[in-house]
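Down below is the structure, laid out as structure tokens.
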């Protein structure tokens, strides 16, 4: 058996990870799945470490998933809620983080609407930074938990066709998944209206497709994205009804995918917008398994980045 | 650190004999075989446990359950490593409450791995008894831990390393003492 070590100080994106790093995280996550199945769901691996959840955007599932993950590793966790914080009083992001760092946390988990904000923190912060979603850029733990789910169901992460459907333009989940499957050498098809699936994405090594039938055909994984109304996605197509008629996944369309195909969605789902209710609740749907795996993957990431204080870049 | 072989201590025949004796001793000591369960410590302890499980089946015709334990998350030196050691799988599919559990590892040295294993097991429940079988006891204990069953007592110096090689992993059964090159 190969002994693995993880040498990253931060998790900023899939972009910075090697295939070996990705496999190390997934193997570690598999070991942590067992912890969550115990009566006493706790191990002392991060005892005495402090994790700060710094969320500048609304999030229930990702924030609570990181929270449960930290607690199952015996870390202490602080939830920093930007809506009731000093940011409202005019404090800058840098000052907020410096103030939090004065309390000596080990790991800061950040979600921010500005792409690149986690990278910015690494220029002055001494903690390990985990990107929990930055603008339209990346959401690495989501891509990793998706990969773990695929591996569990399909027993492999190689030689697959991955179809990603919907608002690729605004989706950090899509971006992280494209980069990850690109690194693993999988075939990627991006499907959606031209306004949301710019042809430039072909530069990332994906195939762009404006028709569901062609895109979903023979796919091993069909990954649906949410129509992000709060990001103004509905300005990019004439009506929700037209979007649904052309890009919602139905039983009939899913039947074109490969026999073993699975249906994924990062949540929260809009039933009968991008996904037919009967499909969301079908055997092939792994949406809830994705949520469960999220905890194991985040435990693995928090464990591997143990958050020793590093030299900063400047 | 580069190392070289100092001595070959056991070959496959000797190892087989020692494993058989371990299996017999474990059975002698635990009269109620149906209460017995083995837990192997990752990685080599698991393979040794599996062999003992097979030998018990040959000797008595009973199937005793076998669990796999990874102690990484319970190590006392996690904060001392520059990079976190990889975590391997733990799989214990049977309730350990009121069972006689025999922990199995290839080499017992400082005793710190066994301490971590004990903590880990007590998180899972309260066994009736917890016993320790070590294939090699090489001395130098730093904790009050002593194996109930041992394949061989092997006095060593601290700078040496005992290498238990197993067919399943290394393609060959043998026990070697290694020492740093240049000694």
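Protein chains in written order, with the numbering used here: chain D, 618 to 931; chain A, 2 to 184.
From the three backbone atoms N, C-alpha and C, an ideal C-beta is built for every residue, glycine too.
Note that the coordinates shown come from a computational prediction; the quantities given were computed from them, not determined experimentally.
Test: residue i CB closer than 8 Å to a CB of chain D
| i | result |
| --- | --- |
| residue 129/A | no |
| residue 125/A | yes |
Boundaries (first-last residue) of the alpha helix (DSSP H) holding residue i
| i | result |
| --- | --- |
| residue 14/A | 13-30 |
| residue 794/D | 789-800 |
| residue 175/A | Unbroken run through residue 175/A is the beta strand (DSSP E), 175-181; no alpha helix (DSSP H). |
| residue 896/D | 894-897 |
| residue 74/A | From DSSP, residue 74/A is part of no alpha helix (DSSP H); its letter is neither H nor E. |
| residue 861/D | 857-864 |
| residue 685/D | 678-689 |
Neighbour flag for residue i against chain A, beta carbons, 8 Å
| i | result |
| --- | --- |
| residue 655/D | yes |
| residue 662/D | yes |
| residue 919/D | no |
| residue 644/D | yes |
| residue 766/D | no |
| residue 859/D | no |
| residue 667/D | no |
| residue 624/D | yes |
| residue 931/D | In this predicted model, residue 931/D has a pLDDT of only 38, less than 50, meaning its place in the structure is not dependable enough to derive any value. |
| residue 641/D | yes |
| residue 621/D | yes |
| residue 683/D | no |
| residue 846/D | no |
| residue 618/D | Because the pLDDT at residue 618/D is just 44, under 50, the model does not fix this residue reliably, and the value given afterwards should be weighed accordingly. Yes, its Cβ sits closer than 8 Å to a Cβ of chain A. |
| residue 674/D | no |
| residue 692/D | no |
| residue 913/D | no |
| residue 876/D | no |
| residue 648/D | yes |
| residue 772/D | no |
| residue 688/D | no |
| residue 869/D | no |
| residue 778/D | no |
| residue 706/D | no |
| residue 632/D | no |
| residue 757/D | no |
Residue i vs residue j beta-carbon contact at 8 Å
| i | j | result |
| --- | --- | --- |
| residue 649/D | residue 88/A | yes |
| residue 119/A | residue 7/A | no |
| residue 838/D | residue 767/D | yes |
| residue 896/D | residue 880/D | yes |
| residue 710/D | residue 734/D | yes |
| residue 870/D | residue 645/D | no |
| residue 687/D | residue 919/D | yes |
| residue 99/A | residue 31/A | no |
| residue 34/A | residue 152/A | no |
| residue 106/A | residue 46/A | yes |
| residue 832/D | residue 808/D | yes |
| residue 150/A | residue 27/A | yes |
| residue 177/A | residue 9/A | yes |
| residue 198/A | residue 148/A | Beyond the ends of chain A as shown, which are 2 and 184, falls residue 198/A; an answer cannot be given. |
| residue 846/D | residue 779/D | no |
| residue 818/D | residue 785/D | yes |
| residue 25/A | residue 79/A | no |
| residue 16/A | residue 174/A | yes |
| residue 723/D | residue 667/D | yes |
Simplified DSSP state of residue i, which is helix, strand or coil
| i | result |
| --- | --- |
| residue 757/D | helix |
| residue 132/A | strand |
| residue 659/D | coil |
| residue 931/D | Confidence at residue 931/D is low in this model, with a pLDDT of 38, below 50, so the placement of that residue should be treated as unreliable; the coordinate-derived value is given next. Residue 931/D: coil per DSSP, three-state reduction. |
| residue 86/A | strand |
| residue 141/A | coil |
| residue 618/D | Caution is warranted here: a pLDDT of 44 is assigned to residue 618/D, below 50, making its placement in the model unreliable, and no coordinate value can be reported. |
| residue 699/D | helix |
| residue 107/A | strand |
| residue 731/D | coil |
| residue 827/D | coil |
| residue 819/D | helix |
Residue range of the unbroken beta strand (DSSP E) whose run includes residue i
| i | result |
| --- | --- |
| residue 668/D | 667-672 |
| residue 804/D | 804-808 |
| residue 632/D | Segment: none, residue 632/D is in no beta strand (DSSP E) and carries neither H nor E. |
| residue 121/A | Here residue 121/A belongs to no beta strand (DSSP E); instead the alpha helix (DSSP H) covers 113-125. |
| residue 903/D | Run containing residue 903/D: none; DSSP gives neither H nor E here. |
heavy atom of the ligand GTP below 7 Å from residue i C-beta
| i | result |
| --- | --- |
| residue 820/D | You won't find the ligand GTP in this model; it holds no ligand whatsoever. |
Test: residue i CB closer than 8 Å to a CB of chain B
| i | result |
| --- | --- |
| residue 872/D | You won't find chain B in this structure, because its protein chains are D and A. |
**Interface positions of the stretch 717-748 of chain D facing chain A (Cβ-Cβ less than 9 Å), listed along the chain** = none
**Message:** Output needed in chain order: residues of the stretch 63-85 of chain A with a Cβ under 7 Å from some Cβ in chain D.
**Reply:** 71, 74, 75, 79, 84 and 85
**Residues of the stretch 88-102 of chain A whose Cβ lies closer than 7 Å to any Cβ of chain D, in chain order** = 88, 89, 90, 91 and 92
**Request:** Determine which residues of the stretch 801-826 of chain D have a Cβ less than 8 Å from any Cβ of chain A, and write them out in chain order.
**Result:** none
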